[in-house]
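J.:
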Amino acid sequence: MKHKIALLADVHGNMSALKAVLNDCKTENVTEYWFLGDLIMPGPGTNELFQLLESVNTTLYVKGNWEDCFLEVLQKDIDLDHETDVYIARLTQFQCENLNEAYIEKIKCLPMHQVENRNALSISISHHLPQKNYGGDLSPDNDQKQFDQLFDQSYDIAIYAHTHHQLLRYSSNDQLIINPGTVGQPFYKWDKFQSDRRAQYAILEIDDAGVADVHFKRVFYDIETELVHASTQQLPYLNLYTEMLQTGKTSTHDHQVLQGVNQQFHYKEDVIQFFSERYWPKVEKS
Ligand SMILES: [Mn+2]
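The sequence shown finishes on residue 287 if you use this note's numbering, and the numbering steps up by one all the way, no holes.
In structure tokens:
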């Protein structure tokens, strides 16, 4: 039997990019869709991102580190003296103001690691490492032994995301490793690649003989439409989202930049007021 699986990851709230990718998948006659985590934040997409994944044959969704960041804010597992934590918390507030309760519950129940079998192949799927969905272990320039960690059991293929870089390589034992890149948030250290703002994904084709094709794709979408949507939704940190989409520069760990925006818009006070009323009292009781 022939399988044509779209590998999608790291949408990061970018509805316009996800729409463009799903349209492209239709022209490729994809049979199923696997989502590898980091659906929401920092972009303006909320319910519509979940609905887009539901509108196609999405058979798998593993939890990214940004889904965990979202849950940590609900659990009050953050330090609001850190500008990055205020940033994540204010973006989480934006999600909570918009997301259906059913989707919040869905995020709480996401698995971190899945194993799928297609024809004779056993395939491991995780946002980063199977037991660790954050960190820099699988950065494309890291040592081979880091990548071998993906195969603590005898899978034939390991698929991961998180680094926002499309990649195909092998383990020391010749097992296949695939990273489909990022739908919504491309970035590079290399300047000439940074100007390519297209959405990235991959299609894994499996037939009776084995892996028939791994097709890395780049899809154009209209960044201006996305920015108008972000502005209409009154997305917090709109200036940082604009810069990120246009240039690839991310400010998630830029203390100074975040401090400026957090102070200007009183985001720390917003967050304390919002979560103290709705979410944190439940945590404190339990
Ligand atoms: Mn990630």
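Ideal Cβ placement from N, Cα and C applies to all residues, glycine included.
Computed from a predicted structure; not experimentally measured.
Am I right that Tyr34 and Asn58 are in contact with their C-beta atoms under 8 Å? What's the rounded C-beta distance?
T.: Indeed they touch by this definition, with Cβ atoms about 6 Å apart.
J.: Within the continuous beta strand (DSSP E) that includes Gly211, where are the two ends?
T.: Residues 211-220.
J.: Counting pairs of Cβ atoms below 8 Å between the segment 2-19 and the segment 157-172, do you hit three or more?
T.: A contact exists between the segment 2-19 and the segment 157-172.
J.: Give the list of continuous alpha helix (DSSP H) stretches no shorter than 4 residues that lie fully inside the segment 113-167.
T.: If we require 4 residues or more, the alpha helix (DSSP H) runs fully inside the segment 113-167 come out as 145-149.
J.: If you draw a straight line from the C-alpha of Tyr268 to the C-alpha of Thr226, how long is it?
T.: Roughly 26 Å separates the two Cα atoms.
J.: So the candidates are Phe152, Leu81, His129; which of them puts its Cα closest to the Cα of Lys64?
T.: When only C-alpha atoms are compared, the closest one is His129.
J.: So what does Asn180 bridge to, in DSSP terms?
T.: Per DSSP, Leu168.
J.: Closer than 7 Å: is that where the CB of Trp67 sits relative to any heavy atom of ligand 1?
T.: Yes, Cβ of Trp67 sits closer than 7 Å to a heavy atom of ligand 1.
J.: For Ala200, which beta-bridge partners are listed by DSSP?
T.: Per DSSP, Val220.
J.: What do you get for Met2, buried or exposed, if any count of 16 or more other CB atoms within 10 angstroms of its CB means buried?
T.: Per the 10 Å Cβ criterion, exposed.
J.: Would the beta-carbon of Ala7 fall within 8 Å of that of Ile158?
T.: No, Cβ-Cβ distance for Ala7 and Ile158 is not below 8 Å.
J.: From the DSSP output, which residues share a beta bridge with Lys5?
T.: For Lys5, which the question treats as bridged, DSSP gives the partners Glu206.
J.: Output needed for Phe221: all residues of its chain with C-beta closer than 6 Å, excluding positions within five of it in sequence on either side, in chain order.
T.: Closer than 6 Å at Cβ, skipping near neighbours: Arg199.
J.: Look at His114 and Ser127 and say whether their C-beta atoms are less than 8 Å apart.
T.: Cβ atoms of His114 and Ser127: closer than 8 Å.
J.: Going residue by residue through the segment 46-119, where are the continuous alpha helix (DSSP H) segments of at least 4 residues, counting only ones entirely within it?
T.: Within the segment 46-119, the complete alpha helix (DSSP H) runs of at least 4 residues are 48-55, 66-75, 84-99, 102-109.
J.: Do you know offhand how far Glu84's Cα is from Asn263's?
T.: If you take the alpha carbons of Glu84 and Asn263, they lie about 7 Å apart.
J.: In angstroms, rounded to a whole number, what distance separates the CA positions of Arg119 and Val31?
T.: The straight-line gap from Cα to Cα measures roughly 15 Å.
J.: Are the segment 40-52 and the segment 238-245 touching by the rule of at least three beta carbon pairs closer than 8 Å?
T.: Enough Cβ pairs lie closer than 8 Å, so yes.
J.: Measure the Cβ-Cβ separation of Ala18 and Gly185 and say whether it is below 8 Å.
T.: Yes, the Cβ-Cβ distance between Ala18 and Gly185 is below 8 Å.
J.: Taking its Cβ as the centre, do 16 or more other Cβ atoms sit within 10 Å of Glu55, making it buried, or is it exposed?
T.: Exposed, because fewer than 16 other Cβ atoms sit within 10 Å of the Cβ of Glu55.
J.: Select from Gly136, Ala121, Leu259 the residue whose C-alpha is nearest the C-alpha of Ala210.
T.: Nearest option by C-alpha distance: Ala121.
J.: Please tell me whether Gln76 and Val284 are closer than 8 Å, where the distance is taken between their beta carbons.
T.: In contact: Gln76 and Val284 (Cβ atoms closer than 8 Å).
J.: Just the C-alpha distance for Ile105 and Cys70, rounded to the nearest angstrom, thanks.
T.: The straight-line gap from Cα to Cα measures roughly 13 Å.
J.: Measuring straight from C-alpha to C-alpha, what distance separates Lys146 and Ser173?
T.: Those two C-alpha atoms are separated by around 8 Å.
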